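Going by my numbering, the letters in the sequence shown line up with residues 64 to 407, in that order.
Note that the Cβ used here is the ideal one computed from N, Cα and C, for glycine as well.
As the structure is a prediction and not an experimental result, all values here were calculated from the model.
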Amino acid sequence: MTVKDQFGSRTILAIETSCDETSAAVLKGTQVLSNIVASQIEMHQKWGGVVPEAAARAHVEAIVPVVEEAYSVAQTNKIDAVAVTNRPGLVGALAVGTAAAKAIAIIKNIPIIGVHHLEGHLLSPWANSAPEQIITYPHLALIVSGGHTELVLIKSPSNYQICAETLDDAAGEAFDKGARLLGLGYPGGKAIQEAAQLGNPQAYDLPRALKKEAHKFSFSGLKTAMLRLVQTQGSNLHIPDAAASLQQAIVESLVPKCLTAIEEHEVTSFALVGGVSANVLLRETLRKECERNGIQFLVPEFEYCTDNAAMIGLAGQFRLESGESSTSALDVFPNADLPLPPHN
Ligand code: KG4
Ligand code: ZN
């Protein structure tokens, strides 16, 4: 199947407000004409995490200027449809984006499509891909974000089967909680990566959980080990070494299970997606391992790793091209399983 077969060539507006980024994008097919992200990180930094009520209010303030800027950068507001994240996420935050998307769809008299946030991440490697590029099925994807750590087998477009998941924390949480313990602030992934550049990844001995379990991840033991390390080392703790050791432990907790799953499911293509896919050590380790095994490695450009509306646009394009659309009764859901293949 080609990129054009799967995503079509509509011009659409996409909106993402599921957590702490207000984002709007305009896409033509898979080409991203604009992708505006207004981050609330500074506001939430004060509290060391996302405060849902504050997030929703900040989306209310940002949504109109962000959509206007997306039109302005794309140099068009002539759109065929609107895609919006309506699940899963913070309910108040999702409601702001969904209400805005509905208003735009009603005023312009165009279709609206509700998108599952994780389907957006899963399709993010195809942002700006050429229409004639071939998408191989089945393929395997590792979703690593602030809330998810899952290996997903994709047998055909949107036919998702979860083949491994975390028993406790997500990989992104391990970065975020580790960063907080090391006093590196929120969100932690980027801060750990930066501090780790000057550190020795072998300096501290941290656990790689469930080594023999191919279908389960676990990061809570790593969090406890980090807490113990901080407590026992006190002011002797070398922050760059601790950051590098934590990053290495997270990467080594993920990569072997990906390679086992690639073999188990006999796929020839592997995608790394979600906010943690911005981690250079993880990207490069998986890239090398895939290359060594003759597996195609797919990863989003950095701009499309952490939450953004362009990836929501890709999921919207795919659903619309399959003949699906939502109605103005579109609702929001804090929790939702991965979506089923399109129905029309
Ligand atoms: O996908 P995302 O933007 O939001 C969710 O849907 O959760 O992922 C956010 C997660 C955070 O835990 C953040 O610390 C992590 O992605 N992250 C990183 C990096 N950039 C963001 N983790 C490791 N290295 C990075 N460079
Ligand atoms: Zn996300």
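>> Can you find the residues in the same chain that come closer than 8 Å, C-beta to C-beta, to residue 92, ignoring five residues on each side of it along the sequence?
In response: 66, 67, 70, 71, 72, 73, 194 and 380
> Hey, quick one: how far does the beta strand (DSSP E) through residue 190 stretch, first residue to last?
Replying inline: Residue 190 -> no beta strand (DSSP E), and no H or E assigned at all.
>> By alpha-carbon positions, which one of 316, 86 and 387 ends up nearest to residue 180?
In response: 86
> Between the region 76–85 and the region 117–131, do three or more beta carbon pairs fall short of 8 Å?
Replying inline: yes
>> Let me make sure I understand the geometry here. Which of 314, 170 and 205 has the alpha-carbon closest to that of residue 187?
In response: 205
>> What does the Cβ neighbour count give for residue 138, buried or exposed, with the cut at 16 atoms within 10 Å?
In response: exposed
> Does DSSP put residue 12 in a helix, a strand or coil?
Replying inline: The structure shown has nothing for residue 12, since the chain only spans 64 to 407.
> The alpha helix (DSSP H) spanning residue 329 covers which residue range?
Replying inline: Per DSSP, residue 329 belongs to no alpha helix (DSSP H) and is neither H nor E.
>> Using only CA atoms, which one of 326, 134 and 285 lies nearest to residue 278?
In response: 326
> Can we count residue 238 as close to ligand 1, meaning its CB is less than 7 Å from some heavy atom?
Replying inline: Yes; taking the cut-off as 7 Å, the Cβ of residue 238 has a heavy atom of ligand 1 nearer than that.
> To the nearest whole angstrom, what separates the beta carbons of residue 173 and residue 165, a pair I think is in contact under 8 Å?
Replying inline: Residue 173 to residue 165, Cβ: 11 Å. No contact.
>> DSSP has residue 376 in a bridge; who is on the other side?
In response: DSSP output for residue 376 lists no bridge partner at all.
> Does at least one heavy atom of ligand 1 sit under 7 Å from the Cβ of residue 321?
Replying inline: no
>> On the DSSP bridge list, what partners appear for residue 212?
In response: 207
>> Under 8 Å, with one C-beta from each stretch per pair, do the region 261–280 and the region 293–306 reach the 3-pair mark?
In response: The answer is yes - the region 293–306 touches the region 261–280, with three or more Cβ pairs under 8 Å.
> What residues in its chain sit with their C-beta under 7 Å from that of residue 398, if we drop five residues either side in the sequence?
Replying inline: Contacts found: 151.
> So what's residue 98 in DSSP terms, helix, strand or just coil?
Replying inline: strand
>> Beta-carbon within less than 6 Å of residue 239's beta-carbon, same chain only, minus the 5 sequence neighbours each way: which residues are those?
In response: Excluding sequence neighbours, residue 239 sits near 250 and 251.
>> To the nearest angstrom, how far is the alpha carbon of residue 443 from that of residue 143?
In response: Because the chain here runs from 64 to 407, residue 443 falls outside it and cannot be looked at.
> Leaving out five residues before and five after residue 231 in sequence, what residues of the same chain have Cβ atoms less than 8 Å from its Cβ?
Replying inline: Here the set comprises 281, 282 and 283.
>> Just to confirm the assignment, what range does the beta strand (DSSP E) spanning residue 353 have?
In response: Taken as a continuous stretch (DSSP letters only), residue 353 belongs to no beta strand (DSSP E), being part of the alpha helix (DSSP H) at 343–355.
>> With H, G and I counted as helix, E and B as strand and the rest as coil, what does DSSP make of residue 134?
In response: helix
>> Tell me whether residue 208, by its Cβ, gets closer than 7 Å to a heavy atom of ligand 2.
In response: yes
> Does ligand 1 have a heavy atom nearer than 7 Å to the CB of residue 253?
Replying inline: The answer is yes for residue 253.
>> Can you check which of these residues, 319, 125, 223 and 293, is closest to residue 401 by C-alpha distance?
In response: Closest option to residue 401, Cα to Cα, is 223.
>> Measuring only the C-alpha atoms, how far is residue 243 from residue 110?
In response: Each residue's CA atom was taken as its position, placing residue 243 and residue 110 some 11 Å apart.
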